[in-house]
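Number of protein chains: 2
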Amino acid sequence: MSEPSDDSRDERPRLSRERVLRGAVAVADAGGLESLTIRSLAQSLGVKPMSVYYYVSNKEEILDCIIDLVFSEIELPAAGGDWRTEIRRRAHSARRVLRAHPWAIGLMESRTSPGPATLRHHDAVIATLRAAGFSRELTAHAYALLDSYTYGFALQEVGLPFNGSDTVADVAEPIMERFSTGEYPHLVEMATDYYLQPGYDFGDEFEWGLNLILDALTASATSGTRHRSDPDRESSAGRGQ
Amino acid sequence: MSEPSDDSRDERPRLSRERVLRGAVAVADAGGLESLTIRSLAQSLGVKPMSVYYYVSNKEEILDCIIDLVFSEIELPAAGGDWRTEIRRRAHSARRVLRAHPWAIGLMESRTSPGPATLRHHDAVIATLRAAGFSRELTAHAYALLDSYTYGFALQEVGLPFNGSDTVADVAEPIMERFSTGEYPHLVEMATDYYLQPGYDFGDEFEWGLNLILDALTASATSGTRHRSDPDRESSAGRGQ
DNA sequence: GGACGGTACAGTACAAAGTACGAATACACT
DNA sequence: AGTGTATTCGTACTTTGTACTGTACCGTCC
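From first to last, the protein sequence lines stand for chains A and B. Per this note's numbering, the first sequence starts with residue 587, numbered consecutively. Per this note's numbering, the second sequence starts with residue 587, numbered consecutively.
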């Protein structure tokens, strides 16, 4: 594999921090986070392991950076548009991106310091909600709710036993058979009569929940922030400013 | 549960699969997932590294098992009770458990085959919703929504830069100062005027969103499953502005 | 032109982690 | 005592991250 050929052609495009990080994303996309090692990364870049250390100080830094790189792929909500349209677009984009880079969700948990793309992101979403007339309090509520839902949905999606080409049925059926007569009756019933039916796609659930949340937020925004249903809590938080 | 010790100083309580797995949880709780190595686990159990392999076949199996162990800590909804009460209780319990074992969320992503506690869990939640009169379709919608929210919220909570004793202000303030004059104006405004105010606790947001979801689900259950709000049904949405 | 220094890579080597393999120990029951 | 099974440990190999050092290729200054 050492190139015995001519000297002029085929030279590799020269390393760079950019190429190192994008290479890391590519390796993780292809084989999962556990396949991303300094050696595998170096190999995919066509260099020797220690060469990547010229551009990053250690693997931790690579992980911090590629998480932010993933975030930078998510579409920002536009400042001027209808908030529902923009928030919906951003939610779908986030889900799509996290599905394209499933390893990113696991990383979010361990990387504690947000990168610039992450911060820019938060800023844009807050701006959209505030521009729509949400109070600070309602903005905080809405943002926590929307992000929780989006990330949580993505988390569930990547946690499903099948990835890519397999359909639910292929993988779930053998599992289900083992319990078919007794242990988890309701789960099995739902699985056989609903989840495993031909047209079902878990991903479609995203839209339903998102609509429910957006509708409920609209109602909250036009009435007050108060919600019924909770017998004993108070949220404190005065009128700031 | 402890051995009646006798006068022997050594007196190791004898290893067991149970002790290995509980020890693994304890090590991860204390120092995070990356501190859980076969060697550290063995040390905490008072044995040599290779001894744990008598009870588990490899580290992967340990990870699979402790994730299910964590799930087993979450309270199951009771079959007979009011569904809102039961679902709320289970949601709070889940959040509490995941906060007690923050490393578990990251694991959920990589472990694809659910353990018995996880399955029992799903079964109980489905049973509760079905018993409340939810159709299969609405049950699927509701479950995806509730779980996404719960896990997503927990994911955000553990991703916050401060863990345990630190308050938001302690950690966010220095970060915020670096941007105080321009880069992320809306984020900074929200941070200084809301998030960093004395009484604020991100964890309180959980209750608000949960109430919103439960209210909206109640409405969906009594009317129909159809939701308005989505103009174009598909995410392709060539519209923009 | 030759010394010099900075840039971009590579080679060597070591520590920490998972774990295969088999030996050592303990205890039971002939 | 002898044989067998259950449990634990010692040794060693492999993969990983990375510290330290070396080297090839530039351009600059005298």
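Note that beta-carbon positions come from the ideal geometry of N, C-alpha and C, so glycine has one too. The model shown is predicted, which means the values in this text are computed figures rather than measured ones.
{"query": "Minimum Cβ-Cβ distance from Ala713 of chain B to chain A less than 9 Å", "result": "yes"}
{"query": "Whole-angstrom distance between Asp615 of chain B and Ala686 of chain B, CA atom to CA atom", "result": "7 Å"}
{"query": "Between the CA atoms of Thr704 of chain B and Ala680 of chain A - distance to the nearest angstrom", "result": "27 Å"}
{"query": "Residue interval of the alpha helix (DSSP H) (run including Arg676 of chain A)", "result": "669–686"}
{"query": "Chain B contact for Trp689 of chain A (CB, 9 Å cutoff)", "result": "yes"}
{"query": "Secondary structure of Ile799 of chain B, DSSP reduced to three states", "result": "helix"}
{"query": "Whole-Å CB distance - Leu684 of chain A paired with Ala612 of chain A, under 8 Å assumed", "result": "The pair is not a contact, with the Cβ atoms about 17 Å apart (cut-off 8 Å)."}
{"query": "Straight-line Cα distance separating Tyr770 of chain A from Ala710 of chain B", "result": "8 Å"}
{"query": "Residue of A:Gly768, A:Ile691, A:Leu655, A:Arg697 minimising C-alpha distance to Glu733 of chain A", "result": "The sequence shown places Asp at residue 733 of chain A, rather than the Glu named in the question. It is A:Ile691 whose Cα lies nearest to the Cα of Asp733 of chain A."}
{"query": "Spatial neighbours of Trp669 of chain B in its chain, beta-carbon cut-off 6 Å, leaving aside the 5 residues before and after", "result": "Thr714, Ala718"}
{"query": "Against chain A: residues of the region 663–683 of chain B by CB proximity under 7 Å", "result": "none"}
{"query": "Residue burial classification, Arg697 of chain A (beta-carbon count within 10 angstroms, cutoff 16)", "result": "buried"}
{"query": "Residues near Asp816 of chain A in its chain [Cβ-Cβ closer than 7 Å; skip 5 each side]", "result": "Because the pLDDT of Asp816 of chain A is 45, which lies under 50, any placement of that residue in the model is unreliable, and the question is left without a value."}
{"query": "Beta carbon proximity, Arg814 of chain B to chain A, threshold 9 Å", "result": "Only weak support is given to the placement of Arg814 of chain B: the predicted model assigns it a pLDDT of 48, under 50, and the value that follows is read from those uncertain coordinates. Output row for Arg814 of chain B: interface = yes."}
{"query": "Local Cβ density within 10 Å of Pro688 of chain A, reported as buried at 16 or more and exposed below that", "result": "buried"}
{"query": "Below-9 Å beta-carbon distance, Val744 of chain A vs any chain B residue", "result": "yes"}
{"query": "Beta-carbon contacts of Thr623 of chain A that lie in its chain and below 6 Å, excluding the five residues immediately before and after", "result": "none"}
{"query": "Cα-Cα separation, Ile648 of chain A to Val633 of chain A", "result": "17 Å"}
{"query": "Coil, strand or helix - Asp718 of chain B by DSSP", "result": "In the sequence as displayed, the identity of residue 718 of chain B is Ala instead of Asp. Three-state DSSP puts Ala718 of chain B in coil, outside helix and strand."}
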